[in-house]
Amino acid sequence: MAIFKGAGVAIVTPFREDGSVDYEEFDRLLDFQIAEGTDAIIVCGTTGEAATMTVEEHTEVIRHCVKYVRGRVPVIAGTGSNATATAVELSQLAQKDGVDAVLQVTPYYNKATQEGLIEHFCAVSDAIDIPIILYNVPGRTGCNILPETVAKIMKRGKNVKGIKDATGSLTQTAMTMEKCDGNLEVYSGNDDIIVPMMSIGAEGVISVLSNIAPGKTHEMCRKCLENDFISAGKMQIEAIPLVRALFLEVNPIPVKKALSFMGYHSHYLRLPLTGMQTEHAEVLKLAMRKYGIEVTE
16 MAIFKGAGVA IVTPFREDGS VDYEEFDRLL DFQIAEGTDA IIVCGTTGEA
66 ATMTVEEHTE VIRHCVKYVR GRVPVIAGTG SNATATAVEL SQLAQKDGVD
116 AVLQVTPYYN KATQEGLIEH FCAVSDAIDI PIILYNVPGR TGCNILPETV
166 AKIMKRGKNV KGIKDATGSL TQTAMTMEKC DGNLEVYSGN DDIIVPMMSI
216 GAEGVISVLS NIAPGKTHEM CRKCLENDFI SAGKMQIEAI PLVRALFLEV
266 NPIPVKKALS FMGYHSHYLR LPLTGMQTEH AEVLKLAMRK YGIEVTE
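In the numbering used here, the protein residues as written are 16 to 312.
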């Protein structure tokens with residue numbers, strides 16, 4: 016059984032003006048997601064600004080999310096790090112707090128050789144029992160997990176079940192699937208190629224777009240899972256202008272601004288991220304309206 020199928024939201028972490036986590040607003044966002052049909056919650060990822068959190072904050076956000084969601088949808092925790100010991104610690108804490116799986120990004124900045132990646136991910140695998148989803152996003156990390164490396168990790172790592180593939184390369188995705196003999200659960204890490212990815216066998220998407228359009232993103236994935244790729248393709252094309260607007264500046268700056276346009280108190284960011292430029296915000300607002308999202312600001 017797949018960890019999840021469909022649209023999982025890479026959920027933002029709302030902060031107060033003083034930089035503390037706004038748990039009341041977080042609960043509102045979780046309720047919105049679940050009510051609109053989101054298939055999984057991915058907490059403390061890139062979009063959740065996990066890189067700015069202390070270990071204590073990171074653990075508390077995950078614990079709160081698990082308790083509030085109460086099993087209504089799977090909760091997947093981002094617990095990756097460029098320090099293997101930290102990745103192990105965060106993953107063990109997340110398992111203790113009851114997450115359904117963990118998302119493990121490739122080590123960034125210090126990077127790693129392919130052999131180093133194998134040892135890193137297998138160290139995490141050896142330390143926990145819950146499923147692991149690898150996260151390959153070379154545009155952010157400067158480190159690409161090659162298809163044959165994924166296969167080696169899966170062979171050694173008993174609980175390595177999936178990959179969030181944000182390479183943007185359907186060729187690499189297909190090669191990875193082939194190397195893993197169809198045993199790998201693949202999730203698109205790019206909102207602009209959800210349908211192409213699912214057309215070659217991906218289970219769904221781990222999505223930024225779902226923060227503001229969970230219902231439509233879920234429906235797009237549902238149509239793919241039902242092999243209605245014509246309808247899904249039309250939905251993908253319709254979403255492209257909004258997806259582009261959501262990446263006018265580095266994620267999650269635009270999506271937090273978009274949520275503020277929808278009436279959520281989510282626009283505060285932690286440095287080094289800063290507020291969205293006014294001209295970009297206007298483009299984003301227009302794209303949201305064209306996509307049918309009610310803008311209150």
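Idealized CB from N, CA, C, for every residue including glycine.
Are residue i and residue j close, meaning C-beta to C-beta below 9 Å?
| i | j | result |
| --- | --- | --- |
| Ser-225 | Ala-17 | no |
| Leu-149 | Gly-177 | yes |
| Glu-64 | Leu-288 | yes |
| Gln-187 | Thr-164 | no |
| Phe-47 | His-79 | no |
| Ala-92 | Val-117 | yes |
| Gly-86 | Leu-240 | no |
| Tyr-283 | Arg-43 | no |
| Thr-61 | Asn-266 | yes |
| Pro-29 | Ser-222 | no |
| Cys-137 | Thr-94 | no |
Is residue i buried or exposed, if buried means 16 or more other CB atoms sit within 10 Å of its CB?
| i | result |
| --- | --- |
| Lys-179 | buried |
| Lys-13 | With the chain running from 16 to 312 in the structure shown, residue 13 is simply not present. |
| Gln-292 | exposed |
| Ser-35 | exposed |
| Lys-111 | exposed |
| Thr-311 | exposed |
| Val-70 | exposed |
| Glu-309 | exposed |
| Leu-286 | exposed |
Within a Cβ cutoff of 7 Å, which residues of the same chain sit near residue i, ignoring the five residues on either side of it in sequence?
| i | result |
| --- | --- |
| Leu-108 | Thr-74 |
| Lys-173 | Ser-140 |
| Asn-97 | Pro-122, Tyr-123, Tyr-124, Asn-125 |
| Cys-195 | Val-165, Ala-166, Met-169 |
If you drop the 5 nearest sequence neighbours on each side, which residues of the same chain put their C-beta closer than 6 Å to that of residue i?
| i | result |
| --- | --- |
| Phe-262 | none |
| Ala-302 | Pro-256, Leu-257, Ala-260 |
| Glu-51 | Pro-229, Gly-230 |
| Pro-146 | Ile-18, Ala-116, Asn-174, Lys-176 |
Indicate the three-state DSSP secondary structure (helix, strand or coil) for residue i in the structure shown.
| i | result |
| --- | --- |
| Ala-17 | coil |
| Ala-181 | coil |
For residue i, which residues in the same chain have their Cβ closer than 8 Å to its Cβ, ignoring the five residues on either side in sequence?
| i | result |
| --- | --- |
| Met-235 | Ala-22, Ile-209, Val-210, Ala-247, Met-250, Gln-251, Ala-254 |
| Met-192 | Leu-199, Val-201, Ile-215, Gly-216 |
| Ala-152 | The sequence given here has Val at residue 152, not Ala. Counting only Cβ-Cβ distances below 8 Å, and skipping sequence neighbours, we find Thr-61, Val-120, Thr-121, Lys-179, Ala-181, Thr-182, Gly-204. |
Quiz prompt | Start-end ranges of the alpha helix (DSSP H) lying completely within the region 19 to 107, minimum 4 residues | solution = If you keep only unbroken alpha helix (DSSP H) runs of at least 4 residues inside the region 19 to 107, you get 38 to 50, 70 to 84.
Practice problem: Please list the segments of the alpha helix (DSSP H) lying wholly inside the region 269 to 301, counting only runs of 4 or more residues, in order along the chain. | Solution: List check, alpha helix (DSSP H) in window: nothing returned.
Quiz item: Which parts of the region 118 to 179 are runs of the beta strand (DSSP E), unbroken and 3 residues or longer, counting only runs that do not cross its ends?
Solution: 147 to 151
Quiz item: Which whole runs of the beta strand (DSSP E) in the region 193 to 274 are 3 residues long or more, in chain order?
Solution: Within the region 193 to 274, complete beta strand (DSSP E) segments of at least 3 residues are found at 200 to 203, 219 to 222, given in chain order.
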